[in-house]
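Inspection log for the structure reproduced underneath, given as structure tokens.
Residue numbers (the numbering used here): 11 to 290.
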């Protein structure tokens, strides 16, 4: 049996070595261990990893912190009671990693932040040694992955503890969904993390241009969203708006980013690299 105090000590050492807050490392570990349980469960093929943990998996510890696990459900019931039951089973899988997920605390609710697509949020409590952590899983339904889900070996923080092997989105589909959210929310968009993620994916990863075009077209059509050059996102007023610039600067401080890139530069890069209208 692995000692909980030993695990905690090793995680603390990583935090010191990488100059990252221990809380961030602890959350990464809780997420990793839940994803491992998912990966060895009978439900592994029904959930695709996306969002912040996907980006962490391909970019490493220096990517922005994330507080939730984003999944896309496939051929699985999208009712709260069904998902609560499924994740109670997953959380209850015994693993030698010193983490306990309190499956009896799992509660689900409908995600209401976006009205253009459906989703369920599950919350529950996890523990490691004396640490207690709230876990949040957001599960979307009905989205399409271009061209298809990929196999991902999710990084393990500690040696000797098995890593999750999951189905995941493609980078191009992650960009497409975040871009669609930008367009859908338009002027009311306060999700600076989407701008941050898309900018860094476009500028640091090898992107298949044709696959990205297909992913954007598929995602927008599937979610019933129009894309026009007249959209406010493509205007100078949008990227130069003082309130958004301030929101961006606050976001960078919150995540302790060392990249001083401006909001104007981020949006200009997105405009240059992503289409302003859909392919036929």
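Quick reminder that beta carbons are idealized off the backbone N, C-alpha and C, glycines included.
All values derive from a computational prediction rather than experimental measurement.
(request) Using beta-carbon positions only, say whether residue 84 and residue 76 come within less than 8 Å of one another. (result) Cβ distance not < 8 Å, so residue 84 and residue 76 don't count as in contact.
(request) Compare the C-alpha of residue 180 against each of 101, 143, 225 and 189 and name the closest. (result) The option with the nearest alpha carbon to residue 180 is 225.
(request) Find out if the Cβ-Cβ distance for the pair residue 167, residue 147 is shorter than 8 Å. (result) At least 8 Å separates the beta-carbon of residue 167 from that of residue 147.
(message) According to DSSP, is residue 73 part of a helix, a strand, or is it coil?
(response) Coil at residue 73, not helix or strand.
(message) Going by DSSP, what residue range makes up the beta strand (DSSP E) through residue 19?
(response) Unbroken run through residue 19 is the alpha helix (DSSP H), 14 to 28; no beta strand (DSSP E).
(message) Looking at residue 53: is its Cβ nearer than 8 Å to the Cβ of residue 100?
(response) Going by beta carbons, residue 53 and residue 100 fall inside the 8 Å limit.
(request) Figure out for me which residue from 204, 173 and 198 has the closest Cα to the Cα of residue 187. (result) Among 204, 173 and 198, the Cα nearest to that of residue 187 belongs to 204.
(message) Mapping the DSSP letters down to three states, classify residue 82 as helix, strand or coil.
(response) Residue state for residue 82 is assigned as strand, using DSSP reduced to three classes.
(request) Figure out for me which residue from 32, 176, 45 and 141 has the closest Cα to the Cα of residue 160. (result) Looking at the Cα atoms, 176 is the closest of the given residues.
(request) Starting from the Cα of residue 143, find the closest Cα among 11, 220, 33 and 104 and give me that residue. (result) Selected option, being the one with the closest Cα: 33.
(message) Here's the rule: buried if 16 or more other CB atoms are within 10 angstroms of the residue's CB, otherwise exposed. What is residue 174?
(response) Residue 174 sits buried, since 16 or more C-beta atoms from the chains shown fall within 10 Å of its C-beta.
(message) Looking at residue 130: is its Cβ nearer than 8 Å to the Cβ of residue 118?
(response) Against a cut-off of 8 Å, the Cβ pair of residue 118 and residue 130 comes out as a contact.
(request) Compare the Cα-Cα distances from residue 277 to each of 247, 288, 289 and 287 and report the closest residue. (result) Measuring from the Cα of residue 277, the nearest candidate turns out to be 247.
(request) Within its chain, find whatever has a CB closer than 8 Å to the CB of residue 191; leave out the 5 residues flanking it on each side and keep chain order. (result) Non-local beta-carbon contacts of residue 191 in its own chain, meaning distances under 8 Å to residues more than five positions away in sequence, involve 124, 199, 201 and 204 in chain order.
(message) Would residue 95 and residue 81 qualify as a contact pair, given that the criterion is a beta-carbon distance under 8 Å?
(response) No. Outside cutoff.
(request) Please go through the same chain and pick out, in chain order, the residues whose beta-carbon is closer than 7 Å to the beta-carbon of residue 208, but skip the five residues on each side of it. (result) Cβ within range, chain order: 185, 188, 189 and 280.
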